[in-house]
Amino acid sequence: MHGRVTGPRETERRIGEIRARARTRNADLLAHNYQLPEVQEAGDFVGDSLGLSLEAQKSGAGVIVFCGVHFMAESAKILNPEKTVLLPSLSAGCALADSITPESLLKWRERYPGHTVVTYINSSAEVKALSDICCTSANAVSVVRSLPGDRILFTPDRNLGRWVARQVPEKEIVVYDGVCPTHDVLRDASVDRVKLGHPDAIVIAHPECREDVLALADEVCSTSGMLSAVERHPEARTFIIATEWALIHQLKKRFPGRDFIPADGCIGCRLHCPYMKMITLDAIERSLRENVFDITVDPEDAVPARRALERMMAVPRDR
Ligand code: 13P
Ligand code: SF4
98 MHGRVTGPRE TERRIGEIRA RARTRNADLL AHNYQLPEVQ EAGDFVGDSL GLSLEAQKSG
158 AGVIVFCGVH FMAESAKILN PEKTVLLPSL SAGCALADSI TPESLLKWRE RYPGHTVVTY
218 INSSAEVKAL SDICCTSANA VSVVRSLPGD RILFTPDRNL GRWVARQVPE KEIVVYDGVC
278 PTHDVLRDAS VDRVKLGHPD AIVIAHPECR EDVLALADEV CSTSGMLSAV ERHPEARTFI
338 IATEWALIHQ LKKRFPGRDF IPADGCIGCR LHCPYMKMIT LDAIERSLRE NVFDITVDPE
398 DAVPARRALE RMMAVPRDR
């Protein structure tokens with residue numbers, strides 16, 4: 098049923114049906130900012146990785162339908178072992194999370210004894226379980242600053258790790274060699290070209306972008322942090338957005354009078370996360386109807402992974 102073409106009224110009707118079914122199942126729909134616009138519209142809560150983890154804990158529902166990728170649903174399960182957490186498609190993985198395995202982390206830890214391991218939430222439960230603390234793009238700098246140790250091993254995102262290292266020069270930060278292909282594909286040359294047509298635009302970038310792109314940015318923040326960043330520029334009309342294209346749906350909704358342009362100048366072309374787009378209205382309907390796919394985590398990993406996540410959640414957002 099993928100690829101079915103429907104008009105806006107039909108989409109609205111299906112969203113209404115999904116929401117009604119969710120209520121009868123005592124289910125909350127949590128949706129990431131990169132979800133398809135219609136999936137965002139179906140969500141009870143739309144946010145970034147940190148916001149979704151916090152919301153999963155606050156939710157009074159017995160079932161969480163996680164409209165995001167696997168590591169996010171897994172984190173929600175680790176934090177809420179008593180709840181049923183459903184991921185509507187098992188194809189919703191994450192290339193960055195796959196770039197580190199427990200075996201590769203153990204090798205890195207051996208090479209850097211005495212380092213505190215800070216692991217980005219974009220990682221498996223097994224990798225989190227081998228880490229001292231987690232972070233998201235919304236609190237990575239504060240997490241690293243909060244640690245008593247001065248020697249850090251930051252995994253797995255190289256671009257985020259290097260960006261944190263530039264903000265916290267007083268600590269020695271060794272960075273693992275993983276990237277998010279969706280963000281790492283962008284170059285400063287593309288942003289410069291878009292900026293030529295909009296010289297007064299404010300550039301907002303996600304810290305998973307490369308250093309050359311971040312050097313052009315007026316603001317560097319998590320996906321939900323980008324909404325607050327727009328508020329900090331009341332005079333600006335146009336914004337160039339260096340992250341996955343679907344975030345622009347939230348920005349347009351919140352700020353209807355402003356213009357938002359994808360940083361590659363091409364909506365839906367390169368700044369596209371194929372994993373996030375595995376979650377469709379069809380998949381959510383099936384998830385609610387058939388109770389799929391029930392996310393489980395081995396308790397041997399869940400207990401230490403929860404410790405690393407809870408340590409992170411005690412640290413406030415960067416701003
Ligand atoms: P946020 O935590 O900023 O929403 O980012 C998650 C992510 O996967 C970015 O690629
Ligand atoms: Fe993973 Fe990148 Fe997709 Fe985020 S955008 S979920 S880091 S592949």
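Residues 98 to 416 (our numbering) make up the sequence shown, in order.
Glycine included, every Cβ here is placed at the ideal spot set by N, Cα and C.
Fair warning: this is a prediction, and the values are worked out from it, not measured in the lab.
Kindly list the residues whose CB is nearer than 7 Å to the CB of residue i, restricted to its own chain and excluding five residues on each side of it in sequence; keep chain order.
i, result
"D361", "L283, S287, R367, L368"
"C306", "N256, H280, L283, A339"
"F357", "F336, I338, I345, L348, K349"
"V143", "A128, N130, Q137, Q347"
"E387", "none"
"P278", "A192"
"A170", "F163, V182, L184, I392"
"P199", "E223, V224, L227"
"Q399", "One detail in the question is off: residue 399 reads as Ala in this sequence, not Gln. Same-chain partners within the cutoff: I175, P178, A222."
"C135", "First, the amino acid is wrong: residue 135 is Glu here, not Cys. These residues qualify, in order along the chain: T108, I112, L378."
"R122", "V160, L385"
"G211", "R248"
Round the Cβ separation of residue i and residue j to the nearest angstrom and send it over; I've been treating them as touching at under 8 Å.
i, j, result
"I299", "M409", "Not confirmed; about 29 Å, so no contact."
"V240", "V215", "6 Å"
"Y273", "W205", "6 Å"
"S196", "G275", "3 Å"
"V394", "A158", "Between A158 and V394 the Cβ distance is about 19 Å, and since that is not below 8 Å, they are no contact."
"F251", "N219", "Contact flag wrong, Cβ pair sits at about 12 Å."
"N177", "A153", "6 Å"
"L126", "G140", "5 Å"
"A189", "I376", "6 Å"
"R242", "V265", "6 Å"
"C232", "Y209", "Contact flag wrong, Cβ pair sits at about 17 Å."
For residue i, which residues in the same chain have their Cβ closer than 6 Å to its Cβ, ignoring the five residues on either side in sequence?
i, result
"A460", "Nothing about residue 460 can be reported from this structure: the residues present for the chain run from 98 to 416 only."
"S319", "D145, S234, A235"
"W316", "The question names Trp, yet the displayed sequence has Glu at residue 316. Cβ within range, chain order: I301, A326."
"S384", "V162, L183, P185"
"R111", "L378"
"L244", "T213"
"D285", "D309, V310, L313"
"M323", "I301"
"S321", "G144, D145, G148"
"L124", "The question names Leu, yet the displayed sequence has Ala at residue 124. Within the same chain, A124 has close Cβ partners A158, V160, V162."
"H295", "T335"
"A372", "It should be pointed out that residue 372 corresponds to Tyr in this sequence rather than to Ala. The answer, listed in chain order, is V166, A189, G190, C191."
Here's the rule: buried if 16 or more other CB atoms are within 10 angstroms of the residue's CB, otherwise exposed. What is residue i?
i, result
"K180", "buried"
"D415", "buried"
"A411", "exposed"
"R187", "The sequence shown places Leu at residue 187, rather than the Arg named in the question. Exposed: under 16 other Cβ atoms inside 10 Å."
"P253", "buried"
"K174", "buried"
"A117", "exposed"
"L293", "exposed"
"L203", "exposed"
"G258", "buried"
"P359", "buried"
"G148", "buried"
"G104", "exposed"
"G354", "exposed"
"E397", "exposed"
"E109", "exposed"
"P331", "exposed"
With a CB to CB cut of under 8 Å and the five nearest residues on each side skipped, what residues in its chain are close to residue i?
i, result
"D247", "E267, K268, E269"
"L311", "N256, W260, A302, P304, V317"
"E114", "E382"
"R329", "E316"
"D297", "A333, R334, T335"
"R351", "L324, V327"
"F390", "L183, L184, P185, S186, L187, S384"
"H99", "Confidence in H99 is poor, its pLDDT being 46 and thus under 50, which makes the residue's placement unreliable; the coordinate value appears in the next sentence. T377, D379, listed in sequence order."
Quick one: does residue i have its CB under 8 Å from some CB of chain C?
i, result
"I115", "Among the chains in the structure shown there is no chain C, since it carries only a single protein chain."
Practice task
With a floor of 4 residues, list each alpha helix (DSSP H) that falls wholly inside the segment 345 to 394, ordered by position along the chain.
Solution key: List check, alpha helix (DSSP H) in window: 378 to 387.
Exercise for the section: Would you check if there are 3 or more beta carbon pairs closer than 8 Å linking the segment 393 to 405 to the segment 208 to 228? Expected result: yes
Problem - Every unbroken alpha helix (DSSP H) inside the segment 201 to 237 [4 residues or more] - result: Whole alpha helix (DSSP H) segments, 4+ residues: 222 to 226.
Exercise for the section: Taking only runs that begin and end inside the segment 257 to 318, name each unbroken beta strand (DSSP E) of 3 or more residues, in chain order. Expected result: 269 to 272, 299 to 302
Practice task
Evaluate the contact criterion for the segment 157 to 172 versus the segment 329 to 346: three or more CB pairs, one atom per stretch, below 8 Å.
Solution key: Result no; under three Cβ-Cβ pairs closer than 8 Å.
Handout entry: Contact shell at 7 Å, judged by CB to any heavy atom of ligand 3, ordered along the chain
Key = In terms of ligand content, the structure shown lacks ligand 3 and carries ligand 1 and ligand 2 instead.
Handout entry: Residue ranges of each beta strand (DSSP E) within the segment 124 to 200, 3 or longer
Key = 124 to 129, 142 to 144, 160 to 164, 181 to 183
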